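Asker: For what it's worth, this note's numbering labels the leading residue of the sequence shown as 1, then goes sequentially.
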Amino acid sequence: MAQTLLFSACATREPADYTAFAQARPRSILVLPPINHSTEIQAGNSLLSWSSISLAEKGYYVIPVALSNETFRQNGITEPEEAHALPLERLRKIFGADAVMYITVEQFGTSFMVLTSLTQVRAKARLVDARSGTELWHGEAERHSNSQGANQGLVGMLVSAVVDQIINTSTDRAHTQIAPIVSGQLFCADKYGLYPGPYAPTPEKQAGAGK
Numbered sequence: 001m002a003q004t005l006l007f008s009a010c011a012t013r014e015p016a017d018y019t020a021f022a023q024a025r026p027r028s029i030l031v032l033p034p035i036n037h038s039t040e041i042q043a044g045n046s047l048l049s050w051s052s053i054s055l056a057e058k059g060y061y062v063i064p065v066a067l068s069n070e071t072f073r074q075n076g077i078t079e080p081e082e083a084h085a086l087p088l089e090r091l092r093k094i095f096g097a098d099a100v101m102y103i104t105v106e107q108f109g110t111s112f113m114v115l116t117s118l119t120q121v122r123a124k125a126r127l128v129d130a131r132s133g134t135e136l137w138h139g140e141a142e143r144h145s146n147s148q149g150a151n152q153g154l155v156g157m158l159v160s161a162v163v164d165q166i167i168n169t170s171t172d173r174a175h176t177q178i179a180p181i182v183s184g185q186l187f188c189a190d191k192y193g194l195y196p197g198p199y200a201p202t203p204e205k206q207a208g209a210g211k
């Protein structure tokens, strides 16, 4: 069974403009519950968790997900769209974050297409200054795993595709393998991701981490 991993093309994209980002210099980020346009119910929670990890590893203080989720719940905010619609002034007053991350999940999960099984995750995000409302950064990322039978007859290819779909579903490949890659690519890609935050390890610390 052959398996191929592909990135979305970035050749035509312009490098991100970091002028506003450099002026704001955010230290703490509130990641809102992602708006989920996919058919996978847990897609938002998956990207929320992996994005928080990626941002923390990038050197930012991320408002703990458990704290933000519970705060929203106690204030009657149960849907991501409701959280995204809240005024920045209110979010800053409650959480004290310098910036707010808005994430939208466009695609998430595995689909069966006759001779192939496609696991795909696509998301976009934007970072907004909680004090001024200025957009500091925006980006998008996509990753997909395309699996199909190789050197097999039609029946063999059909069986392989079905088996692979079952494996993808049972092991939650989108959640455990593809989503963390998309999260890392979204925030850490050269020329498109975020600048390292104030708590990022220095090169000297990184070099000495393995000693």
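Quick reminder that beta carbons are idealized off the backbone N, C-alpha and C, glycines included. Just so you know, these numbers come straight off a predicted model, no measurement behind them.
Given that a residue counts as buried once 16 or more other Cβ atoms are within 10 Å of its Cβ, and exposed if not, what is Ser132?
Answerer: The residue in question, Ser132, is exposed, as its Cβ has fewer than 16 Cβ neighbours within 10 Å.
Asker: Given this structure, state the Cα-to-Cα distance separating Val128 from Phe95, to the nearest angstrom.
Answerer: Approximately 14 Å between the Cα atoms of the pair.
Asker: Quick check on the DSSP output: the beta strand (DSSP E) that includes Ile29 runs from which residue to which?
Answerer: Ser28 to Val31
Asker: Among the residues of its own chain, which have a CB less than 8 Å from the CB of Leu55, if the five just before and after it don't count?
Answerer: Taking C-beta separations shorter than 8 Å and ignoring five residues to either side along the sequence, the partners of Leu55 in its chain run Ile29, Val31, Val62, Met101, Phe187, Leu194 and Gly197, following chain order.
Asker: Rounded to a whole number of angstroms, what is the C-alpha to C-alpha distance between Leu183 and Leu91?
Answerer: The sequence shown places Ser at residue 183, rather than the Leu named in the question. If I take the Cα positions, the gap works out to 23 Å.
Asker: Given this structure, state the Cα-to-Cα distance separating Asp98 from Asp190, to the nearest angstrom.
Answerer: 23 Å
Asker: For the alpha helix (DSSP H) containing Glu40, name the first residue and the last one.
Answerer: Element bounds for Glu40: n/a, residue is neither H nor E.
Asker: Spatial neighbours of Ala43 within its chain, please: CB distance less than 6 Å, with the 5 preceding and 5 following residues excluded, ordered by chain position.
Answerer: Asn36, Val105 and Phe108
Asker: Put Glu142 into one of helix, strand or coil per three-state DSSP.
Answerer: strand
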